[in-house]
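Before any comments, here is the structure.
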Amino acid sequence: MIVRRLAELGPAREVKAETWTSRRLLLADDRMGFSLHDTIIHAGTETRMCYRNHLEAVYCVAGRGSIEALATGEVFEISDGTVYALDQHDEHVLRAETELRLVCVFRPALVGREVHDASGAYPLLTEDGADAAGAPEGARP
Ligand code: 9YT
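When we follow our numbering, the leftmost residue of the sequence shown carries the number 35, and every step to the right adds one.
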């Protein structure tokens with residue numbers, strides 16, 4: 035059994051980007067088949083993302099914002115109790131009116147070193163430093 039507390043995660047499991055901070059509660063090396071993150075989206079920001087290599091489900095537990103599906107232009111309000119699942123690897127823009135606290139699940143699990151590329155995706159990385167197709171990390175765009 036794995037028991038872990040947000041307050042005890044430490045800097046190695048905290049990833050900061052311009053518009054968000056993600057605390058990685060479970061990662062690939064925990065061997066659960068998914069990763070679980072407690073993510074803070076900063077108030078007043080917008081983030082364009084498209085996880086073409088991953089499925090992501092996001093459950094809002096605090097704050098107010100919206101998600102726009104870029105394929106259709108639909109905009110959905112987000113607040114405490116809202117879940118969205120990017121089951122079509124949907125390209126989207128996340129807007130935080132106030133600070134948002136989101137519980138995020140990624141499948142396959144993130145290993146922890148991923149950063150968004152220009153299209154807003156994470157690469158598919160494996161724990162040994164290669165991407166999922168076997169190329170060394172950094173060898174693919
Ligand atoms: C909601 C979302 O996708 N935010 C970007 C960060 C991501 N959730 C992560 O790496 O935790």
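All residues carry an ideal CB built from backbone N, CA and C; glycine is no exception.
Here the structure is a predicted model, which is why all the values come from computation and not from measurement.
In this structure, Leu134 sits near Ile112, with a CB-CB distance shorter than 8 Å.
Annotation for Glu90 indicates a beta carbon within 7 Å of some heavy atom of the ligand 9YT. In its chain, beyond the 5 residues on either side, no residue has a beta carbon closer than 7 Å to the beta carbon of Met35. The beta carbon of Arg129 sits closer than 6 Å to the beta carbons of Glu80, Gly99 and Ser100 from its chain, once the five residues preceding and following it are set aside; these are given in chain order. Within the same chain, Cβ atoms closer than 6 Å to the Cβ of His76 are found at Thr53, the five residues on either side in sequence being excluded. The Cβ-Cβ distance between Gly67 and Ala143 falls below 8 Å. Inter-residue distance for Pro157 and Gly78 is about 27 Å (C-alpha atoms, whole angstroms). Taken from the Cβ of Met66, every heavy atom of the ligand 9YT lies 7 Å or farther away. Spatial neighbours of Val139 in its own chain (CB-CB distance under 6 Å, excluding positions within 5 residues in sequence) are listed in chain order as Phe68, Leu70 and Ala91. For Glu48, same chain residues with a beta-carbon under 6 Å away, outside a window of 5 residues either side, are Arg57 in chain order.
A direct Cα-to-Cα measurement between Arg39 and Leu60 gives close to 11 Å. The beta carbon of Gly107 lies closer than 8 Å to none in the same chain, with the five residues before and after it left out. Around the beta-carbon of Val149, fewer than 16 other beta-carbon atoms lie within 10 Å, marking it exposed.
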